[in-house]
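To keep things clear, I will list the structure first and then write my remarks on it.
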Amino acid sequence: MTANLRWLAGYRHPRHQLPETVAVLRRVFATPTPLMAGAEAAGDPVAVLPVLFHLLWCQELTIDLSTPLHQGTLVRPSAGPR
């Protein structure tokens, strides 16, 4: 869990909050979807992943932090309002 949180903390800065990409990611991950499949569906992973990691840090999207983060990690919408 600590390694996951350290990784995501690297994306905590608001510069990663790109509104157009955020909107696409919210749509893509409206249902649980593997991390890389969703990133690729949202656009170029190089551009999309920093925004996705920011949303995970902010808990707008969520993952199981108790297992190592990898390309098949299921990303889902957060249960609570943000």
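This note's numbering puts the sequence shown at residues 2 to 83. Glycine included, every Cβ here is placed at the ideal spot set by N, Cα and C.
(Q) Could you compute how far the alpha carbon of Q18 sits from the alpha carbon of T63? (A) Residue numbering aside, residue 18 sits at position 17 when the sequence shown is read from its first letter. Residue numbering aside, residue 63 sits at position 62 when the sequence shown is read from its first letter. Straight-line Cα distance between these residues: approximately 16 angstroms.
Q. What whole-angstrom Cβ distance do T74 and L36 have, given they're in contact under 8 angstroms?
A. Position 73 of the sequence shown, counted from the start, is the residue given in the question as residue 74. Position 35 of the sequence shown, counted from the start, is the residue given in the question as residue 36. 5 angstroms between Cβ atoms; contact.
Q. Taking the C-alpha atoms as reference points, what is the distance between P51 and T3?
A. For the purposes of this step, residue 51 is taken as residue 50 along the sequence shown, with counting starting at 1. For the purposes of this step, residue 3 is taken as residue 2 along the sequence shown, with counting starting at 1. When rounded, the separation of the alpha-carbon atoms in P51 and T3 is 19 angstroms.
Q: Measure the alpha-carbon distance for S79 versus R16 and round it to whole angstroms.
A: Looking up residue 79 in the sequence shown gives position 78. Looking up residue 16 in the sequence shown gives position 15. For S79 and R16, the distance between alpha carbons rounds to 21 angstroms.
Q) With 16 as the cutoff for other CB atoms within 10 Å, does V47 come out buried or exposed? A) Mapped onto the sequence shown, residue 47 falls at position 46. Classification of V47: exposed, given that the 10 Å Cβ count is below 16.
**Q.** In chain order, each alpha helix (DSSP H) run of at least 4 residues that lies wholly inside the region 40 to 72
**A.** 46 to 58
Q. Quick one, are the C-beta atoms of V23 and A42 less than 9 angstroms apart?
A. The sequence position of residue 23 within the sequence shown is 22, counting from 1. The sequence position of residue 42 within the sequence shown is 41, counting from 1. No; because the gap between Cβ atoms is not below 9 angstroms, this pair is not in contact.
Q. Quick one, which of Q72, G44 and L9 has its alpha-carbon nearest E21's?
A. The count along the sequence shown starts at 1 and reaches residue 21 at position 20. Considering only alpha carbons, the answer is G44.
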